Amino acid sequence: MLPMIHRVRTAADFARTVRSGARSGRRNVVLYGARTTETAPSRVGFIVGKNVGNAVTRNLVKRRLRHLAAEWVDANPRGYDVVVRALPAAAESDWSALTKDFGSCVSTVARKLGGLEPPGRQGGVS
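Heads up: take any position in the sequence shown, counting from 1, add 31, and you land on the working numbering.
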């Protein structure tokens with residue numbers, strides 16, 4: 032689970048990240064990323080709408096995304112806000128497809144922002 036300090040909570044923070052950040056989309060997710068100050072903790076927010084499925088399905092998708100985001104926060108503890116929007120295809124996808132799409136989106140946004148590390152890559156080591 033993500034600690035409270037690493038969560039995007041307010042509508043204003045969600046809007047700022049989605050509107051002013053870099054964007055990357057895949058079949059299962061769309062990821063928005065924005066730089067913050069170097070001293071601010073990295074934060075992650077999730078958007079999982081009713082079009083993804085019923086409450087059980089949405090919560091399953093959120094738990095999976097939260098796990099991936101926690102790994103990413105370990106690699107990038109400061110300086111970024113990220114919002115992950117789950118798409119309806121995420122409900123039918125297995126764990127490996129969701130992981131692949133999340134990692135791919137993070138890599139693309141990293142190139143655009145210059146510096147984000149994808150999950151599982153500590154300190155820029157492949």
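Each residue gets a CB set at the ideal place from its N, CA and C atoms; glycine is no exception. Just so we're clear, the structure is a prediction, and the values are computed from it rather than from any experiment.
(request) Inspect the CB distances between the stretch 45 to 58 and the stretch 80 to 88 and report whether three or more fall short of 8 angstroms. (result) no
(request) Kindly identify the DSSP beta-bridge partner or partners of R109. (result) Taking the sequence shown and counting its residues from 1, the one referred to as residue 109 is at position 78. R109 pairs with P72.
(request) Could you spell out where the alpha helix (DSSP H) holding R142 opens and where it closes? (result) Residue 142 sits at position 111 when you count from the first residue of the sequence shown. Residues 126 to 144.
(request) Kindly confirm or deny that the stretch 72 to 80 and the stretch 106 to 122 touch, where touching means at least three C-beta pairs closer than 8 angstroms. (result) yes
(request) Look up R40 in the DSSP assignment and say whether it is helix, strand or coil. (result) Taking the sequence shown and counting its residues from 1, the one referred to as residue 40 is at position 9. DSSP places R40 in coil when its eight states are reduced to three.
(message) Looking at the strands, I want to know which residues DSSP matches up with S55.
(response) Walking along the sequence shown from the start, residue 55 turns up at place 24. In the DSSP secondary-structure assignment, S55 is bridged to L62.
(request) Assign W126 to one of two classes, buried (16 or more other C-beta atoms within 10 Å of its C-beta) or exposed (fewer than that). (result) Position 95 of the sequence shown, counting from 1, holds the residue named residue 126. When all chains shown are included, W126 counts as exposed.
(message) Please tell me whether L33 and A100 are closer than 8 angstroms, where the distance is taken between their beta carbons.
(response) Here residue 33 corresponds to residue number 2 of the sequence shown, with the count starting at 1. Here residue 100 corresponds to residue number 69 of the sequence shown, with the count starting at 1. Yes, Cβ-Cβ distance for L33 and A100 is below 8 angstroms.
(message) Can you look up V92 in the DSSP assignment and give me helix, strand or coil?
(response) In the sequence shown, counting from the first residue as 1, residue 92 sits at position 61. It is helical.
(request) Measuring alpha carbon to alpha carbon, tell me which of K131, L118, P108 ends up nearest R38. (result) To locate residue 38, count along the sequence shown from 1; it is residue 7. Minimum Cα distance to R38 is reached at P108.
(request) State yes or no: is the beta carbon of S135 nearer than 8 angstroms to at least one beta carbon in chain D? (result) Note that chain D does not occur in the displayed structure, where there is just one protein chain.
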